[in-house]
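All letters in the sequence shown, in the order written, are residues 134 to 710 by the working numbering. Each residue gets a CB set at the ideal place from its N, CA and C atoms; glycine is no exception. Values in this document were obtained by computation on a predicted structure and should not be read as measured data.
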Amino acid sequence: MGLKRYLPILQWAPGYGRDQATSDLVAAIIVTVMLIPQSLAYALLAGLPAYVGLYASILPLMVYAVFGTSRTLSVGPVAVASLMTAAALAPLAEVGSPEYLAGAVLLAVMSGLMLTMMGVLRLGFLANFLSHPVISGFITASGLVIAASQLKHLFGVQASGHNLLEIGRSLWLTISQFNGVTLLLGGGTLVFLVFARKGLKPLLVTLGLLPRVADILSRTAPIVAVVVTTLLAWQLNLESAGVRLVGEVPRGLPELTLPSLDPGLWQQLAVSALLIGVVGFVESVSVGQTLAAKRRQTIDPDQELIGLGTANLSAGLSGGLPVTGGFSRSVVNFDAGAETPAAGAYAAVGIALATLYLTPAIAYLPQATLAATIIVAVSTLIDLPALGRTWRYSRPDFGAMLATIVLTLVHSVEAGIVAGVALSIGLFLYRTSRPHSAVVGRVPGTEHFRNVLRHQVELCPRVTFLRVDESLYFANARFLEETVMDLVTRQPELRDLVLVCPAVNLVDASALESLEAINERMKDAGVRLHLSEVKGPVMDRLQGTELLSHLGGQVFLSTYEAWQRLTDRSRLDGQPA
């Protein structure tokens, strides 16, 4: 079982049969058709030669089939990782230079090493520090930046920049030099792809095709656009009219590429590699879990770290750029009927055949076509209405989301994601440093206890029940002390205080000291401290501590038991219950 955990292929390969192979092969053909233009486009988005995208779509798919746990995740270059790659390398090398390509290879290798090590150490939980509003804001802003960065290819102008302000300024200065043929070609492709996304399937169904066949054909629209515009560029010699083409693509399979061993470059790219890896991991796990749930399957996040890590290592060692699980490709893979990760391996064979036999044709592919493909693909990433939803539900989360979007748009992708993570952690610490607590009373005639401010409940002047709705740790220990002592000060007749702890999952050393201090101070005030509904794991940690040894009161199994015992005692003392 230990070997199967690290090599998930051993879990499904022994029972692999002809029916599964057929389903995987059909899915692989469809994904390959979709992956070729995407791979080329995302390589150009990263500032790399188009063929680098093909290289990054061969070995990673095969490696993920061995180490990945998702049956339908399709690994390869994606828009956000490509944008982050370009942002990381821009300050270090000129786009198109050998140093730039070497930096992309190193980013893939470093990201792979980091993810693999995190998986071995079972650190998948660290990705939880990227809250959903932050990830949503980051992806939305990245989608806007990516779309804006492709406008230069649609207009056929020279423009640059790595945030919205820089790109907008550069486009404004060069837009008058646009190329009409390029704009016509790119704009026509964009309109066709937008129509294909929404209107092609209903049209094909109206013409008599089965819905499933129409759906598959509509998803091949990008390859249709690639074929048609490539033929136009070749037949009409559009390059002479100023249309920029992909250009010569090396023919053949990628060769083994060793990363740079320059310590300075490793240090400069370390943070970027970590961010690319973690953001890609969060995106992949989210997609993988969503698709797995539809078939009542599961994925292992820690093993996914290893799967994505080794995929990135193989991408770097084969001359590619960082990769991760793509949303659109994975959904297509799922809908096409992929049964196992073997579908990815079959798709890798298809990409390899393309590098062997299709590269002469790819040279005539207009860059405007790839730009249109990217714009349509990233449009699904942009979710501006999420700002309104988050604002209505949680203002602090809205603040973190907005800061992420603004910084990504006006500064850089790294600044956006780092600020978002920092704000998320800061907000978490702030919220949990002031834990919600409530004085509760008994709902008449029941064993239930509710907040005295929300319900009509029974109370006892000499006994107070304080429910603590948060785990206790260093950040909120002192706040609990202040809350308890304020309560005791305001109730001079109080003789028993019960801390009701159903939501307390942790008591760390700082909180333990605070509880011990509360116990001693309450003894001095003539009040007994009791605990109720303490969870088993928490009670195990408290056994043998000074708190339980010197507790002024008792530990009750339930709040109702504490109510019965303490209110009875109050009656014996002659006080009203």
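**Report entry** F689 - DSSP class collapsed to helix/strand/coil
**Finding:** strand
**Report entry** Residue range of the unbroken alpha helix (DSSP H) whose run includes L645
**Finding:** A642 to D657
Query raised in the report: Under the rule that 16 or more other beta-carbon atoms within 10 Å means buried, what is L263, buried or exposed?
Result: buried
Query raised in the report: Under 7 Å, do S207 and P455 count as touching if we go by C-beta distance?
Result: no
Query raised in the report: Given a threshold of 16 other Cβ atoms within 10 Å of its Cβ, counted over all protein chains shown, does D619 qualify as buried or as exposed?
Result: Within 10 angstroms of the beta-carbon of D619 lie fewer than 16 other beta-carbons, which makes it exposed.
Report task. Please classify G458: does DSSP put it in a helix, a strand, or coil? Result -> strand
Query raised in the report: Would you call K334 buried or exposed, if buried means 16 or more other Cβ atoms sit within 10 Å of its Cβ?
Result: buried
Query - Reduced DSSP secondary structure (H/G/I, E/B, other) of H265 - result: Note: H265 maps to helix in three-state DSSP.
**Report entry** Minimum C-alpha distance to G410 - residue among G421, W399, A425 and T457
**Finding:** Checked all of G421, W399, A425 and T457; the closest Cα to G410 is T457.
Report task. Tell me, to the nearest whole angstrom, how far the beta carbon of R583 is from that of V572; I am working on the premise that it is less than 8 Å. Result -> Between V572 and R583 the Cβ distance is about 10 Å, and since that is not below 8 Å, they are no contact.
Report task. Using a threshold of 7 Å, state whether the C-beta atoms of S566 and N609 are closer than that. Result -> yes
Report task. Using DSSP bridges, identify the partner residues of V573. Result -> N584 and F598
Query raised in the report: Per DSSP, what kind of secondary structure is P493 in: helix, strand or coil?
Result: helix
Query - Minimum C-alpha distance to T473 - residue among A237, R138, Q144 and Y139 - result: Q144
Query raised in the report: Along the chain, where does the alpha helix (DSSP H) that runs through L408 open and close?
Result: P396 to K427
Query raised in the report: Just the Cα atoms here: how many angstroms apart are A189 and G453?
Result: 4 Å
Query raised in the report: Between which two residues does the beta strand (DSSP E) carrying D629 extend?
Result: D629 to V633
Query - Alpha-carbon to alpha-carbon, I538 and L549 - result: A quick correction: the sequence has Gly, not Leu, at residue 549. Going by the C-alpha atoms only, they are around 7 Å apart.
Query raised in the report: Since G78 sits in a beta bridge, which residues does DSSP pair it with?
Result: Summary: the structure shown does not reach residue 78, with the chain confined to residues 134 through 710, and so no result is reported for it.
Query raised in the report: Which word fits Y233, buried or exposed, when buried means at least 16 other C-beta atoms lie within 10 angstroms of its C-beta?
Result: So Y233 ends up on the buried side.
Query raised in the report: Is S230 closer than 7 Å to G421 when the C-beta atoms are compared?
Result: no
Query raised in the report: Since R522 sits in a beta bridge, which residues does DSSP pair it with?
Result: Residue pairing by DSSP places R522 in no beta bridge whatsoever.
Requested in this report: Can you tell me which of the three DSSP states P499 falls into?
Outcome: strand
Query raised in the report: Taking buried to mean at least 16 other C-beta atoms within 10 Å of its own C-beta, is H295 buried or exposed?
Result: buried
Report task. Decide yes or no for the touch test of the segment 323-334 against the segment 460-467: beta carbon pairs closer than 8 Å, at least 3 of them. Result -> no
Query - Reduced DSSP category for V208 - H, G, I as helix; E, B as strand; rest coil - result: strand
Report task. Flag this pair as yes or no: are the beta carbons of T205 and A471 separated by less than 7 Å? Result -> yes
Query raised in the report: Alpha carbon to alpha carbon, how far is A494 from L364?
Result: 9 Å
Report task. Check the C-beta distance from A510 over to Q171 and give it rounded, since I have them as a contact under 8 Å. Result -> 7 Å
Query raised in the report: Can the beta-carbon of P266 be found closer than 7 Å to that of D530?
Result: yes
Query raised in the report: So L318 packs on P499, CB below 8 Å; how close in whole Å?
Result: 6 Å
Report task. Report yes or no: do three or more beta-carbon pairs, one from the segment 475-489 and one from the segment 216-223, lie closer than 8 Å? Result -> Cβ pair count under 8 Å is below three, so no.
Query raised in the report: Are the beta-carbon atoms belonging to I268 and V415 less than 7 Å from one another?
Result: yes
Query raised in the report: Given a threshold of 16 other Cβ atoms within 10 Å of its Cβ, counted over all protein chains shown, does A183 qualify as buried or as exposed?
Result: buried
**Report entry** Alpha-carbon to alpha-carbon, L599 and K427
**Finding:** Approximately 43 Å, taken between the alpha carbons.
Report task. With distances taken Cα to Cα, identify the nearest neighbour of A695 among L680, V667, T678 and R462. Result -> It is V667.
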